[in-house]
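S.K.:
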Amino acid sequence: MTFNRSELFRAAWADAREVHANFKRNARVFGPAPSLQSCFSKALREAWATAKAAAAKAKAKQAARAAVAALPAAERARLAAAAQDALARLVFSDAPMAAIASRRAALNAQLAAFN
């Protein structure tokens, strides 16, 4: 995944202006507003960290897909069934927290069996 620096800078600059304006508008509550430069610096750090996290997530997803593609068909089918079971346990759960915790423990045990 490549980073488009101009988009990162543009988004960070827009965020910095908005944060700075909010601080200036609410100066009575927050005290003196930080400088626009410090707002931009923080927004740029956050945008860069978000972009790096998205790139790492995409890379991990690609590696997982490659690992699954290398498995034999029977293993892929078993893995798909386990994933489907996991979705059924987590997505459609409106049970109390104890039931959710027990389902999560069962899911973790099932996933540990793959390792």
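Residue numbers for the sequence shown follow the working numbering, beginning at 666 and rising by one. Where a beta carbon is used, it is the ideal one built from N, C-alpha and C, also for glycine.
1. Where do the N-terminal and C-terminal ends of the alpha helix (DSSP H) with Asn687 fall, by residue?
2. Buried or exposed: Ala718, going by 16 or more other Cβ atoms within 10 Å of its Cβ?
3. Can you find the residues in the same chain that come closer than 7 Å, C-beta to C-beta, to Arg741, ignoring five residues on each side of it along the sequence?
4. Count the CB pairs spanning the stretch 698-716 and the stretch 671-687 that are closer than 8 Å, and state whether there are at least three.
5. For Glu672 and Pro699, what's the separation of their Cα atoms in angstroms?
6. If you draw a straight line from the alpha carbon of Ala729 to that of Leu736, how long is it in whole angstroms?
7. Over what stretch of residues does the alpha helix (DSSP H) that includes Leu709 continue unbroken?
8. By the 10 Å Cβ neighbour count, where 16 or more other Cβ atoms means buried, how is Ala712 classified, buried or exposed?
9. Pull up the CB-CB distance for Ala751 and Leu772, whole angstroms please, since I reckon it's below 8 Å.
10. Going by C-alpha distance, which of Ala721, Ala777, Lys722, Gly696 is nearest Ala748?
M.R.: This is what the structure holds:
1. 670-690
2. exposed
3. Excluding residues within five positions, the ones whose Cβ falls inside 7 Å are Val733.
4. yes
5. 24 Å
6. 11 Å
7. 701-735
8. Ala712 is classed as buried because its beta carbon has at least 16 other beta carbons within 10 Å across all chains shown.
9. 5 Å
10. Ala777
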